[in-house]
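> Take the sequence shown: its letter number 365 is residue 365 in UniProt numbering, and every next letter is one higher. So that we are looking at the same thing, I have put the structure below in structure tokens.
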Amino acid sequence: MYDLVIRGGTVVDGTGGSSMVADVAVEGDRIVAVGTDLGAGREEIDARGKIVTPGFVDVHTHYDGQATWDQEMAPSSWHGVTTVVMGNCGVGFAPARPDRHDWLIGLMEGVEDIPGTALAEGMSWEWETFPEYMDALEKLPRTIDVACHVPHGAVRAYVLGDREQPGAVPTAEDIAEMSRIVEEGVRAGALGFSTSRTVIHKSIDGEVVPGTTATAEELIEIGRAMGRVGYGVFEMASDLNREWNEFDWMGKLSRETGLPVTFAALQSIAKELPLDEQIETMRAENAKGANIVAQIALRGNGIIMAWRGTVHPFRFRPSWRAIEGLSWEEQKAKLLDPAFKAQLLSEDNDFSEAPQDIMGLLMVVAGGWTMQFEMDEDFDYEPGADASIAARSAAAGVDPAEYAYDLLCRDDAAGFTYLPILNYADGNLDFLEALQDSDDTVNSLSDGGAHCGTICDAASPTFMLQHWVRDRKRGGRVPLERAIKRQCRDTALLYGLEDRGLVAPGYLADLNVIDMEAIKLGKPWLAFDLPAGGKRLLQKADGYVATVKSGVVTFRDGEAQGAYPGGVIRGPQRVELAMAAE
């Protein structure tokens, strides 16, 4: 008798090949048989009329702090994700000297919009070195597996100490020590190294992140550290300024070490290179023997704006400034007061204290009504121009600022508006169609665990199924089999996780049972459930019948089962094919 049998589902196995109706049998933490009329299981899940997929592998998250205190690992675990890679974009919490804890928290808070108070209260700092951080992670079982990058910001701060300032130039000795620390981290099990080189990423004090001013020589030498170990992914977010010649050094590093380099490929106002040129230049390097992989998001990277969120269109108006220090109940009473509303709407924005290098973005936030959208109950994350605040306010005969104000005041002042600041320059997602059929791109950039007050893209796997596979109306769709391969096998293999991402004997029993007719993103909401009452945007979904991690059912019908079979991944994971049980 098997430990678990998932009975009669349509198996979409992660290879990209045709689906088939079959049973899936599990013993321990492994799949042992896939076929028809398999024997009984001690536990069975009826999957008739449903699809059975591998667990989703999300390679771009920021759970570095949350993973030290949270077993459920929401919201990613609510959306079929069974493996995450964190420590992206050069931010994380190891290595960490005791006198740099606050600095690292401020860096993460500024870059990833994770409340610093939550991080300060939630983390116990049982580590100093990166290997000690990995050991600390192992003390807490979770619903999912976690894997790590060694983050550039933490490494630089550890080595340079107080010398780590914007524009700091490390000595040759500094670079050698950084390289040693990265090698130590990878040998301890990190799956790669990450850095950030974009002006959008700043500490809570407004300083650019350490990697922004790093030289190609520094980055290549750190990459060589992974080359000495023999594995590891070099991950980067960058503005791709032409003078930096990023693809030149990425290509050299990949060819020299034989390792993959991956970067965030986006339509972005911060990037000098248009997306088409990013992909074209990457492919020119790959044609010369490099292995550079573009990480792509599946929808517009959008700010969800709310009165209690991190940002909203009226935050630069004097009347808002006058109440932003009040309690929420006091703020809400003001916001719902018609006299206060009239006063605020009569005012101009005051950008005098705003960062000048992102002024264009701030002006769109504060009044780009053609680019902001009303979030309906059944909101389409590929909205047309007729769904913009500009269009709907005109149809209603109302000033767009007043229309937006009223939207935010819905549901007892808990309303939302949506501003896709990246990946939506064309007003549609057509440009992503070809990229989702390319072997040199991976589905990524969910930022799970981050941007707590502005973004909720940890739901990306659900969006992929609902929008790209089933419901998209404004362009082509993605075949189910391809979508599953991209979110499971392709992401796993990029990081050397060969033991997952397929439904086949010998592979980890990380599985989802999904009702494709019912799959649907829920309405986002702001929760205040992080340590110290920190806020975060959350979003659930209908349609997940069950999620299985390492052979254990962790979620049924969207409800956590109190099981925590997930662990810490250390290094690449190989697979030994098992014989199908009789």
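Just so you know, even glycine gets a beta-carbon here, dropped at the ideal spot from N, CA and C.
Nearest to Val209 by CA position, among Ala287, Gly110 and Arg163, is which residue?
Gly110
> Tell me the DSSP secondary structure of Lys540 in three-state form.
coil
> Could you check if Arg163 is buried or exposed, using at least 16 other CB atoms within 10 Å of its CB as the buried criterion?
exposed
> For Thr129, collect the residues of the same chain with a Cβ closer than 6 Å to its Cβ; drop the 5 residues on either side in sequence, then sort them by chain order.
Pro95
> Mapping the DSSP letters down to three states, classify Ala580 as helix, strand or coil.
With a pLDDT of 39 at Ala580, under the threshold of 50, the modelled position of this residue cannot be trusted; read the value that follows with caution. Ala580: coil per DSSP, three-state reduction.
> Given that a residue counts as buried once 16 or more other Cβ atoms are within 10 Å of its Cβ, and exposed if not, what is Leu61?
Leu is not the amino acid found at residue 61; the sequence shown has Thr there. Label assigned to Thr61: buried.
> Expressed to the nearest angstrom, what Euclidean distance is found between the alpha-carbon atoms of Gly16 and Pro479?
9 Å
> Exposed or buried, what is Trp328 when buried is set at 16 or more other beta-carbons lying within 10 Å of its beta-carbon?
exposed
> Specify the secondary structure class of Asp13 as computed by DSSP and reduced to three states.
coil
> Measure the CB-CB distance between Gly41 and Asp3 and report whether it falls below 8 Å.
Taking C-beta atoms as the reference points, Gly41 and Asp3 count as a pair closer than 8 Å.
> Just to confirm the assignment, what range does the beta strand (DSSP E) spanning Gly92 have?
That residue, Gly92, is in no beta strand (DSSP E); it is neither H nor E in DSSP.
> What three-state label does DSSP hand Trp78 in the structure shown?
helix
> Rounding to the nearest angstrom, what Cα-Cα distance links Thr454 and Met226 in this structure?
34 Å
> Going residue by residue through the stretch 391 to 477, where are the continuous beta strand (DSSP E) segments of at least 3 residues, counting only ones entirely within it?
417 to 422 and 441 to 443
> Taking the runs of the beta strand (DSSP E) that are 3 residues or longer, which of them lie wholly in the stretch 31 to 64?
41 to 46, 51 to 54 and 56 to 58
> Consult DSSP for Glu164 and reduce its assignment to one of helix, strand or coil.
coil
> Please go through the stretch 129 to 184 and give each complete beta strand (DSSP E) segment of 3 or more residues, from N-terminal end onward.
145 to 151
> Report, in whole angstroms, the separation of the C-beta atoms of Asn291 and Ser254, which I expect to be a contact under 8 Å.
5 Å
> Quick one: does the C-beta of Met108 sit closer than 7 Å to a heavy atom of the ligand SAM?
Questions concerning the ligand SAM fall outside what the structure shown contains, since it holds no ligand whatsoever.
> With Val442 and Val59 assumed to form a contact (beta carbons below 8 Å), what rounded beta-carbon distance in angstroms separates them?
7 Å
> If you measure between the beta carbons of Ala387 and Lys332, is that distance less than 8 Å?
no
> What did DSSP end up calling Gly110 once you bin it into helix, strand or coil?
helix
> Assign Ala322 to one of three DSSP states: helix, strand, or coil.
helix
> Excluding the 5 residues flanking Ser444 on each side, which residues of the same chain have their C-beta closer than 6 Å to its C-beta?
Val59, His60 and Gln295
> I'd like the span of the beta strand (DSSP E) that includes residue 588, first residue to last.
It is not possible to answer for residue 588, since the shown part of the chain is limited to 1 through 582.
> Under 8 Å between the Cβ atoms of Ala306 and Gly230?
At the C-beta level, Ala306 and Gly230 stay beyond 8 Å of one another.
> What number of angstroms, rounded off, separates the C-alpha of Thr68 from the C-alpha of Thr117?
15 Å
> So, is Phe93 buried or exposed, given that buried needs 16 or more other C-beta atoms within 10 angstroms?
buried
> Can you tell me whether Pro141 is buried or exposed? The criterion is at least 16 other CB atoms within 10 Å of its CB, across all chains shown.
exposed
> Consult DSSP for Gly567 and reduce its assignment to one of helix, strand or coil.
coil
> For Ser393, which residues from the same chain have a beta carbon less than 6 Å from its beta carbon, with the 5 sequence-adjacent residues on both sides left out?
Pro400 and Tyr403
> My understanding is that Thr83 touches Asp145, with C-beta atoms under 8 Å, so please give their C-beta distance in whole angstroms.
5 Å
> Can you tell me the Cβ-Cβ gap for Leu537 and Cys409, rounded? I've got them flagged as a contact below 8 Å.
The pair is not a contact, with the Cβ atoms about 18 Å apart (cut-off 8 Å).
> Please report how far the alpha carbon of Gly534 lies from the alpha carbon of Asn423, in whole angstroms.
29 Å
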